[in-house]
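Some notes on the structure that comes next.
Here is the structure:
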């Protein structure tokens, strides 16, 4: 660090350790740039003056180059040269002038205050000059045959441009570390300012999200209170009883369907095989047969007095006995037994009547529940309650993300401030503390 400091600002005379007290400076964010300006203005002015002087020289030399190119282009040689070498020299003069003009037209001076661009410009211009010399060596050689003095004038100007650039580059390179440090400091300040602005914006967002959360939680409490009051109302008690009764009836229906399906299980295979012998059935009867196969309990409901089932069972029994419908012995025995039970109708009629009555009751209860105002009100409040809960969840997630982001942002800003304090100390030889 000591060697770096000495390289940057020059070696200092030794001082008695006891007498050396480094100046302490407290800075706010809004006066850092002024501090840098105060500490580096003399150095920066020297750099800028050097660059401006170099650029003024280049402008003057470019004007000189233009004049010398014009002289070369208009020059007429009195030398006694054969036609072929003469034409050769003239062609090379044209090529040389064209190449130098192209080089001259590419030179765009950057802003003198932008030292980084000046560094790049100097390096690029030197590269271009080197390429120019390499590319035109042959042109210069042959053009000299006729225009030695004129082309020497152009070459001399190009050499002056190269010398001016070399001198500027050398001076800037000697001070490169300090220049770079000043540039880095200013860039870090800009980056930090951007982060601070972002932090302010995100802090405002965080406050708004927290206010939103408070409002939502208040609304959640109010809705919860409304639901609690509804739970205590007599109308809701009646509604709950109807809903409980409805649930019980639906459960009974499901159990009945399962039982009826088990009842039809022994003849189900025979019913499916009977589908190939339905020529004696009407269209409606075939449809009822399909319903018995798919949903036996529904088949009972649509089969008036079980007439279609009787007809189907009679045909199936005949087809089984004549082996037109073939079943394995045990299944055949079970099918015949079940057909005989079904002929009595008693059990089927019981389930048919029970299912019909139960379904009618279910329909009535569903309609009563559906048209109940309290039911609608509860459903509306519950939907709103769930919506509020979802919004609260989203707000909390947003708050968590913002808080985490702000924590990272604060850490980044703190690191930049430490880095800046260290850089400002290097550039000013003062102990700098930045208040944030």
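Numbering (our numbering), first residue to last: 4 to 439.
Every residue, glycine too, gets a C-beta built ideally from N, C-alpha and C.
All values derive from a computational prediction rather than experimental measurement.
- The region 137-198 contains no complete alpha helix (DSSP H) run of 4 or more residues.
- Shown here for residue 431: same chain residues with a beta carbon closer than 6 Å to its own, the five before and five after excluded, namely 42 in chain order.
- Contact between the region 60-80 and the region 152-164 is present: 3 or more CB-CB pairs across the two stretches fall below 8 Å.
- The Cβ atoms of residue 270 and residue 372 lie no closer than 8 Å to each other.
- The C-beta of residue 262 has fewer than 16 other C-beta atoms within 10 Å across all chains shown, which makes the residue exposed.
- In the DSSP assignment, residue 294 falls within the unbroken alpha helix (DSSP H) covering 286-297.
- In this structure, DSSP gives residue 79 a state outside helix and strand, which the three-state scheme calls coil.
- Assigned with DSSP and collapsed to three states, residue 328 falls in coil, not helix or strand.
- Per DSSP, the unbroken alpha helix (DSSP H) holding residue 409 starts and ends at 376-431.
- Rounded to whole angstroms, residue 165 and residue 139 show a C-alpha spacing of 16 Å.
- When the Cα atoms are used, residue 289 and residue 278 turn out to be separated by approximately 8 Å.
- The residue from 148, 107, 232 with its alpha-carbon nearest to that of residue 86 is 148.
- Looking at 245, 297, 310, 223, the one whose alpha-carbon comes closest to that of residue 370 is 245.
- Secondary structure at residue 110: coil, using DSSP grouped into helix, strand and coil.
- For residue 28, the beta-bridge partners assigned by DSSP are 435.
- Residue 26 counts as exposed, since fewer than 16 other beta carbons sit within 10 angstroms of its beta carbon.
- Taking C-beta separations shorter than 6 Å and ignoring five residues to either side along the sequence, the partners of residue 320 in its chain run 342, following chain order.
- Of the other Cβ atoms in all chains shown, 16 or more fall within 10 Å of the Cβ of residue 150; this residue is therefore buried.
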